[in-house]
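S.K.: Provided herewith is a single structure, encoded as structure tokens, for subsequent inquiry.
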């Protein structure tokens with residue numbers, strides 16, 4: 006009876022913590038509209054600091070590439086910093102940095118996203134540059150040749166010269182075999198080398214169009230000025246033909262284990278990368294998926310850490326994450342062996358934890374703890390104007406509704422213990438997975 | 021619109037000055053209050069970092085033990101208590117200080133404050149947790165030995181700070197980590213509880229409650245006198261510290277020259293000069309090495325500041341075929357900066373970049389807390405960033421040129437290079453007078 010009371014007492018305390026926290030999340034207030042040419046615009050005002058973020062999200066990623074021309078989307082991320090009709094070569098950096106701003110871009114399988122964070126008095130400059138390169142980019146030999154060199158060095162830096170550098174390429178090729186997610190955005194250097202200028206021009210013409218983009222402006226600005234600026238700079242571009250979309254319903258089921266051992270001269274410790282088919286961003290199980298990975302590997306009280314790193318000391322690092330793309334995901338467990346322990350030990354320890362998860366499910370307390378962690382992270386990730394702009398663009402693109410940013414937390418809080426357990430059984434019951442063993446190879 | 025729509029509208033910089041309280045034990049409390057913020061973060065900074073190690077790695081290990089259980093809760097219970105509230109709690113050491121850091125939703129502010137003090141004053145210092153940490157540390161060291169950037173950073177420190185505690189391995193070496201035991205951990209903990217400390221609280225919290233909580237929790241442990249500073253040393257000029265990686269496809273370069281401290285009146289023109297050279301993506305190093313030549317993914321220069329030393333450090337990673345020309349390009353750029361062969365628009369762009377960076381650093385309480393820690397760490401005045409911003413706006417070309425003539429000198433630079441030995445030897449010929457090998461396993465330089 007006492008034990009029962011204590012258990013309920015603890016549960017009530019947890020519930021109280023959760024409710025109190027959720028009351029503090031301030032929804033992101035925004036307005037949105039679509040220009041006649043199809044450019045979707047989202048505006049969010051935040052006057053707490055003299056800063057404005059712009060995010061221009063193009064609906065083109067590596068999944069849209071011709072498999073014989075991989076790396077194009079990422080290559081364009083670089084090329085978009087070259088010349089336009091009114092901007093000299095390599096001077097976009099100069100314009101933004103010279104105005105006190107910061108700029109960058111990234112490419113995923115689903116999207117290419119460009120972002121500026123500028124002092125609030127330079128918001129018009131940021132929009133002018135984005136409008137310029139949306140339709141006025143000069144795709145020519147000198148720009149292409151320069152960026153070929155830069156992308157090759159990026160590849161060396163991130164893949165060829167880094168320990169375990171190739172694991173993601175191998176995993177994607179297996180887990181997403183037969184789909185446009187089977188290659189990574191960095192692509193194959195040879196494809197970029199042999200591509201001719203007209204191919205780059207065609208790619209630009211197809212995807213860099215107002216009706217294939219979402220523009221978000223977030224921060225300290227006057228909405229009337231920004232609306233009229235957007236109309237002036239972007240409004241004159243005509244709507245283009247809808248770009249072709251690769252057919253993608255679901256990944257081909259992964260049957261059985263596909264194993265590979267890689268001798269890696271850059272690695273010092275053996276590492277294991279084990280991937281299952283996971284959950285995509287638009288899957289209703291996405292929220293349960295995040296709760297599951299929090300339970301398994303977030304923090305020092307998580308299952309994998311407690312068991313494999315702390316108690317058994319089989320590994321120095323274990324993590325589990327779902328790499329979610331729009332239509333599919335890969336659920337990966339990474340383990341780095343402790344000195345003197347083998348990857349077979351690490352794999353056995355991880356398998357034991359996965360089997361315990363599948364057979365016993367998760368507990369109410371674990372789900373409550375995971376939700377508390379998610380809640381704190383959620384609030385923390387909605388503070389800066391750039392983070393909010395990115396979240397709004399993602400919600401519009403992948404959930405079809407920008408207001409998803411304000412209902413997402415409720416969906417996490419609604420996840421049940423049974424939903425997490427059911428998902429774990431669905432994904433992890435059978436050993437349908439890719440397993441990579443990286444072994445240090447001296448010399 | 022045919023030209024970029026630049027603005028000349030003035031920016032307002034909302035730097036927040038902390039409120040200060042001194043507790044009865046001597047602890048200084050710095051409060052950055054944002055009444056509407058849903059989050060709170062706290063840092064306890066203890067001015068007794070890894071440079072005071074008797075056994076290399078002992079302070080880092082002790083710092084990590086602080087959050088692995090207390091006399092009231094073991095490591096697992098503490099982790100569960102923290103994580104079920106959605107909070108985070110961590111501890112670490114750098115060469116100058118040991119820090120405990122906690123963050124969470126604002127209603128947990130008092131609980132976090134109590135928990136942090138519990139960790140600092142009454143850690144469990146559990147022997148089995150120490151053993152686990154040591155095993156993990158040995159694995160981390162193994163991992164670091166495969167990271168060319170880590171190797172370059174440490175090879176450079178060895179040449180920058182010869183016979184100085186900054187060159188010592190903060191995280192230890194395999195032999196010293198093995199030697200850390202319960203006695204050394206207890207000794208370091210005694211040093212930490214006695215050393216001066218500062219606490220920064222930033223975000224949403226109730227001021228009276230947080231002051232009262234820290235006062236109540238810390239009253240029993242007064243801080244005593246500060247630890248002595250290390251003896252200053254000069255970097256090994258015109259010297260290369262080389263790490264041989266015969267299998268490397270790139271060379272990692274880190275090149276240092278002495279710079280001025282955060283307290284120096286020429287800080288603003290100096291930092292402007294460094295920004296022109298390599299502070300951002302339109303600076304000279306990035307423009308030439310990446311945009312013009314396509315040699316690298318990035319090339320930068322920064323002013324690396326520590327409590328008792330600072331240097332201008334340039335860094336890049338380039339393919340083996342480009343290493344020789346990269347070193348030559350960097351040398352040319354350093355000479356050009358020394359002559360101050362700099363266009364006015366380069367100065368203005370760098371100035372605007374720095375001002376914009378300052379504006380962007382005022383967004384969150386956590387950014388304000390980082391600035392407050394710099395003010396504490398380097399002994400600056402409370403309104404340092406407001407003054408620095410004003411100075412930056414007023415700096416003239418002559419001011420920058422005067423600083424640049426003494427700052428940039430390729431004859432006194434110190435180079436760390438990680439990569440293929442023959443490629444490095446060829447690239448450094450004529451750029452250094454002495455080349456020494458740095459051994460990652462002993463973390464020592466070979467004799468000249």
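Chains as they are written, first to last, in the working numbering: chain A, 6 to 448; chain B, 21 to 468.
Just so it is clear, CB atoms sit at the ideal spot from N, CA and C, and this is done for glycine as well.
Quick check for students: name the residue ranges of the beta strand (DSSP E) that lie wholly in the segment 32-120 of chain B, counting only runs of 3 or more.
M.R.: DSSP runs (the beta strand (DSSP E)) wholly in the segment 32-120 of chain B: 39-42, 48-53, 59-66, 108-113.
S.K.: If you follow the alpha helix (DSSP H) that residue 408(B) is part of, which residue opens it and which one closes it?
M.R.: Counting along the chain, the alpha helix (DSSP H) containing residue 408(B) begins and ends at 404-414.
S.K.: Tell me the rounded alpha-carbon separation between residue 228(A) and residue 197(A).
M.R.: The alpha-carbon atoms of residue 228(A) and residue 197(A) are separated by roughly 41 angstroms.
S.K.: What does the Cβ neighbour count give for residue 267(B), buried or exposed, with the cut at 16 atoms within 10 Å?
M.R.: Exposed, since its Cβ has fewer than 16 Cβ neighbours within 10 Å.
S.K.: So, do the segment 56-76 of chain B and the segment 383-398 of chain B have three or more beta carbon pairs nearer to each other than 8 angstroms?
M.R.: With the cut-off at 8 angstroms, the segment 56-76 of chain B and the segment 383-398 of chain B touch.
S.K.: Per DSSP, which residues does residue 124(B) bridge with? Please list them.
M.R.: DSSP output for residue 124(B) lists 60(B) as bridge partner(s).
S.K.: Helix, strand or coil for residue 458(B)? Go by DSSP, reduced to three states.
M.R.: Residue 458(B) falls in the strand class under three-state DSSP.
S.K.: Taking its Cβ as the centre, do 16 or more other Cβ atoms sit within 10 Å of residue 322(A), making it buried, or is it exposed?
M.R.: That one is buried.
S.K.: At a CB-CB cut-off below 8 angstroms, which residues of chain A make contact with residue 315(B)?
M.R.: Near residue 315(B) (Cβ distances below 8 angstroms), the residues of chain A are 154, 158.
S.K.: Report the three-state DSSP secondary structure of residue 218(B) (helix, strand or coil).
M.R.: Strand, per DSSP.
S.K.: Ignoring anything shorter than 3 residues or poking outside the segment 286-372 of chain B, list the beta strand (DSSP E) runs there in chain order.
M.R.: Listed in chain order, they are 316-326, 329-339.
S.K.: Leaving out the 5 sequence neighbours to the left and right, which residues in its chain are closer than 6 angstroms to residue 216(B) when beta-carbon positions are compared?
M.R.: Result list for residue 216(B): 67, 243, 246, in chain order.
S.K.: Could you pull the start and end residues of the beta strand (DSSP E) that residue 445(A) belongs to?
M.R.: Residues 438-445.
S.K.: Please state whether DSSP places residue 63(A) in a helix, a strand or coil.
M.R.: Three-state DSSP puts residue 63(A) in a strand.
S.K.: Can you tell me which of the three DSSP states residue 109(A) falls into?
M.R.: Residue 109(A): strand per DSSP, three-state reduction.
S.K.: What residues in its chain sit with their C-beta under 6 angstroms from that of residue 324(A), if we drop five residues either side in the sequence?
M.R.: Only 302, 339 meet the Cβ criterion.
S.K.: Helix, strand or coil for residue 264(A) per DSSP?
M.R.: Strand, per DSSP.
S.K.: Can you grab the Cα-Cα spacing for the pair residue 116(B) / residue 394(B), in whole Å?
M.R.: Distance between the alpha carbons of residue 116(B) and residue 394(B) is about 12 angstroms.
S.K.: Based on the DSSP output, what are the partners of residue 210(A) in its beta bridges?
M.R.: Answer is none; residue 210(A) lacks a bridge partner.
S.K.: Return yes when the Cβ of residue 150(B) is within less than 8 angstroms of the Cβ of residue 85(B), no when it is not.
M.R.: Yes, the pair counts as a contact, with Cβ atoms nearer than the cut-off.
S.K.: Against residue 384(B), what residues of chain A qualify as contacts under a CB-to-CB distance less than 7 angstroms, listed in chain order?
M.R.: 388, 389, listed in chain order.
S.K.: Which residues, in chain order, does the segment 158-189 of chain A contribute to contact with chain B at a C-beta distance below 7 angstroms?
M.R.: Of all residues in the segment 158-189 of chain A, 158, 159, 161, 162, 165, 166, 168 have a Cβ within less than 7 angstroms of some Cβ in chain B.
S.K.: Keeping to the same chain, check which residues put their C-beta closer than 8 angstroms to that of residue 240(A); ignore five residues upstream and five downstream.
M.R.: These residues qualify, in order along the chain: 40, 41, 42.
S.K.: Going along chain A, which residues have a C-beta under 9 angstroms from residue 436(B)?
M.R.: Simply none; closest approach about 17 angstroms.
S.K.: Taking all protein chains shown into account, decide if residue 183(B) is buried (16 or more other Cβ within 10 angstroms of its Cβ) or exposed.
M.R.: Residue 183(B) should be labelled exposed.
S.K.: Between the segment 304-320 of chain B and the segment 145-158 of chain A, do three or more beta carbon pairs fall short of 8 angstroms?
M.R.: Yes: the two stretches touch, three or more of their Cβ pairs being nearer than 8 angstroms.
S.K.: So what does DSSP say about residue 330(A), is it helix, strand or coil?
M.R.: Residue 330(A): coil per DSSP, three-state reduction.
S.K.: Ignoring anything shorter than 4 residues, give me the alpha helix (DSSP H) runs that lie fully in the segment 118-203 of chain A, in order along the chain.
M.R.: Runs of the alpha helix (DSSP H) inside the segment 118-203 of chain A: 128-140, 146-160, 172-180, 194-199.
S.K.: Can you give me the start and stop residues for the beta strand (DSSP E) that residue 432(B) sits inside?
M.R.: Unbroken run through residue 432(B): none, as it is neither H nor E.
S.K.: Residue 195(A) touches chain B at which residues, Cβ-Cβ below 8 angstroms?
M.R.: Near residue 195(A) there are no residues of chain B at all, since even the closest Cβ is about 17 angstroms away, more than 8 angstroms.
S.K.: Report the partner residues of residue 231(A) according to the DSSP bridge assignment.
M.R.: Residue 231(A) pairs with nothing; no bridge assigned.
S.K.: Among 185(B), 291(B), 302(B), which residue has its Cα nearest to the Cα of residue 324(B)?
M.R.: Per the Cα distances, 291(B).
S.K.: Residue 287(B): buried (16+ other C-beta within 10 angstroms of its C-beta) or exposed?
M.R.: Buried, since its Cβ has 16 or more Cβ neighbours within 10 Å.
S.K.: So, does the segment 411-428 of chain B touch the segment 251-265 of chain B, judging by three or more C-beta pairs under 8 angstroms?
M.R.: Not touching, per the Cβ criterion.
S.K.: Using three-state DSSP, classify residue 209(B) as helix, strand or coil.
M.R.: Three-state DSSP puts residue 209(B) in a helix.
S.K.: Just checking, does the segment 310-320 of chain A make contact with the segment 387-397 of chain A on the three C-beta pairs under 8 angstroms criterion?
M.R.: Judged by Cβ distances under 8 angstroms, the segment 310-320 of chain A makes no contact with the segment 387-397 of chain A, as fewer than three pairs qualify.
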